């Protein structure tokens, strides 16, 4: 039976739109921002924007499947575990995808250089693959038409479809009418160049390989250089408890090493 041209969206369809607009669309913007930051060799903005994109895609998946997200914060590892433990399907990341996911997760949403960091340019390509995979689950997979009643059978059929398409062309993972795809299809869009630059997953060229120079960035955090100041600076800025503990341990180790070197310099004699 043919459907009429328009059916008033039921509540579950409206909730799905909340998830898509609040999480997937904003995550798409963060992903493009991450690509811009990497192209400009801005390591901290890249890692933060990548974290934001991943976080929002995972929260979108959870909300579309009616799982709570309010307690997750920036903990993307916890979000992925929740997907894999509570939903009727699992998202298993490829080796490269897992590598960049773990790196971003270890940064723990650090925007203030409280932890030292290192970054390889190749992680951009890894992020492209990760985003391409996660976004495929950022749709209402449990319905055919937005007004349908949600069905686990339909959900699992779509999950199998996604799995079968993972080794196919990049277009298998594109979402018709979504923000990234609109930017991709509009060569005049201000974000178009940032999206397609050296991108094997979101490109109009259909290329299967790129020439890529893998550079490396490393930045020492102030707390790595002067860990003994952690409790002083914590008076005027927020320092997470775990970061404080690590800085205190490092300060203690360095003080012990300093005293050891002093004893060795004196030939093991006690100070006069």
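In this note's numbering, the protein residues as written are 1 to 272.
By construction, the Cβ of each residue, glycine as well, lies at the ideal position given by its N, Cα and C atoms.
These numbers come from a predicted model, not from an experiment.
- Is the beta carbon of residue 217 less than 7 Å from the beta carbon of residue 119? Translated into the one-based positions of the chain shown, residue 217 becomes position 217. Translated into the one-based positions of the chain shown, residue 119 becomes position 119. Yes, these two residues count as a Cβ contact at 7 Å.
- Query: Contact check, residue 28 vs residue 178 under 8 Å by CB: the rounded distance?
  - Reply: In the chain shown, the residue the question calls residue 28 occupies position 28. In the chain shown, the residue the question calls residue 178 occupies position 178. Taking the Cβ atoms as the reference, residue 28 lies roughly 7 Å from residue 178, within the contact range of under 8 Å.
- Collapsed DSSP secondary structure at residue 155 in the structure displayed: Against the chain shown, residue 155 aligns to sequence position 155. Judged by DSSP in its simplified three-state form, residue 155 adopts helix.
- Message: Need the endpoints of the alpha helix (DSSP H) that residue 224 sits in, please.
- Response: In the chain shown, the residue the question calls residue 224 occupies position 224. Per DSSP, residue 224 is one residue of the alpha helix (DSSP H) stretching across 222-225.
- Query: Under a Cβ-count criterion, where at least 16 other Cβ atoms within 10 Å of its own Cβ denotes burial, should residue 49 be classed as buried or exposed?
  - Reply: Locating residue 49 in the chain shown gives position 49, counting from the first residue. Label assigned to residue 49: buried.
- Task: Give the DSSP bridge partners of residue 179, in chain order.
- Result: Here residue 179 corresponds to residue number 179 of the chain shown, with the count starting at 1. Per DSSP, residue 179 has no beta-bridge partner at all.
- Indicate the three-state DSSP secondary structure (helix, strand or coil) for residue 237 in the structure shown. Counting from 1 along the chain shown, the entry for residue 237 is found at position 237. In this structure, residue 237 counts as coil in the three-state DSSP scheme.
- Take residue 253 and list the residues in its own chain whose beta-carbon comes closer than 6 Å to its own, dropping the five residues that flank it on each side. Counted from its first residue, the chain shown places residue 253 at position 253. The answer is none, since no qualifying residue turns up.
- Could you say if the stretch 144-164 and the stretch 230-246 meet the contact criterion of at least three C-beta pairs nearer than 8 Å? Verdict: no, contact absent.
- Message: Taking 7 Å as the threshold (C-beta atoms), are residue 126 and residue 102 in contact?
- Response: Mapped onto the chain shown, residue 102 falls at position 102. Mapped onto the chain shown, residue 126 falls at position 126. No Cβ-Cβ contact shorter than 7 Å links residue 102 with residue 126.
- Item | residue 34, DSSP secondary structure in three states | In the chain shown, residue 34 corresponds to position 34, counting from 1. Annotated three-state conformation of residue 34 is helix, per DSSP.
- Task: Identify whether residue 217 lies in helix, strand or coil by the three-state DSSP scheme.
- Result: Locating residue 217 in the chain shown gives position 217, counting from the first residue. Three-state DSSP puts residue 217 in a strand.
- Task: State whether the stretch 140-149 contacts the stretch 32-41, with contact taken as three or more CB pairs (one from each stretch) at a distance under 8 Å.
- Result: No, the stretch 140-149 does not touch the stretch 32-41.
- Query: residue 72 bridges to which residues according to DSSP?
  - Reply: Locating residue 72 in the chain shown gives position 72, counting from the first residue. BP columns for residue 72 are empty, so no partner.
- What do you reckon, are the CB atoms on residue 115 and residue 247 nearer than 7 Å? Within the chain shown, numbered from 1, the residue matching residue 115 stands at position 115. Within the chain shown, numbered from 1, the residue matching residue 247 stands at position 247. No, they are not a contact pair.
- Message: According to DSSP, is residue 119 part of a helix, a strand, or is it coil?
- Response: On the chain shown, position 119 is the one that residue 119 refers to. In this structure, residue 119 counts as strand in the three-state DSSP scheme.
- Query: For residue 187, which of helix, strand or coil comes out of DSSP?
  - Reply: One-based indexing of the chain shown puts residue 187 at position 187. In this structure, DSSP gives residue 187 a state outside helix and strand, which the three-state scheme calls coil.
- Query: Under three-state DSSP, which class holds residue 1?
  - Reply: Taking the first residue of the chain shown as 1, we reach residue 1 at position 1. With a pLDDT of 45 at residue 1, under the threshold of 50, the modelled position of that residue is not reliable, and no figure is offered here.
- Query: For residue 133, does the count of other Cβ atoms within 10 angstroms reach 16, so buried, or fall short, so exposed?
  - Reply: By 1-based counting over the chain shown, the position of residue 133 is 133. Per the 10 Å Cβ criterion, buried.
- Message: So the candidates are 43, 55, 113; which of them puts its Cα closest to the Cα of residue 78?
- Response: What you label residue 78 is simply residue 78 of the chain shown in a count that begins at 1. Nearest C-alpha to residue 78: 55.
- Taking C-beta to C-beta, are residue 123 and residue 144 nearer than 7 Å? Here residue 123 refers to the residue found at position 123 when the chain shown is read from its first residue. Here residue 144 refers to the residue found at position 144 when the chain shown is read from its first residue. For the 7 Å CB-CB criterion, residue 123 and residue 144 do not form a contact.
- Answer yes if the stretch 163-173 comes into contact with the stretch 12-21, meaning at least three C-beta pairs across the two stretches below 8 Å, and no otherwise. The answer is no - the stretch 163-173 does not touch the stretch 12-21, with fewer than three Cβ pairs under 8 Å.
- Span of the alpha helix (DSSP H) around residue 11: Position 11 of the chain shown holds residue 11. Element bounds for residue 11: 11-19.
- Message: Can you tell me whether residue 57 is helix, strand or coil according to DSSP?
- Response: Here residue 57 is taken as the residue at index 57 of the chain shown, counted from 1. In this structure, residue 57 counts as helix in the three-state DSSP scheme.
- Through-space distance from residue 41 to residue 131, alpha-carbon basis: Numbered from 1 along the chain shown, position 131 holds the residue referred to as residue 131. Numbered from 1 along the chain shown, position 41 holds the residue referred to as residue 41. If I take the Cα positions, the gap works out to 20 Å.
- Query: In chain order, what residues of the same chain lie with their CB nearer than 6 Å to the CB of residue 352, ignoring the 5 residues before and after it?
  - Reply: The requested residue 352 does not occur in the structure, where the chain is confined to residues 1 to 272.
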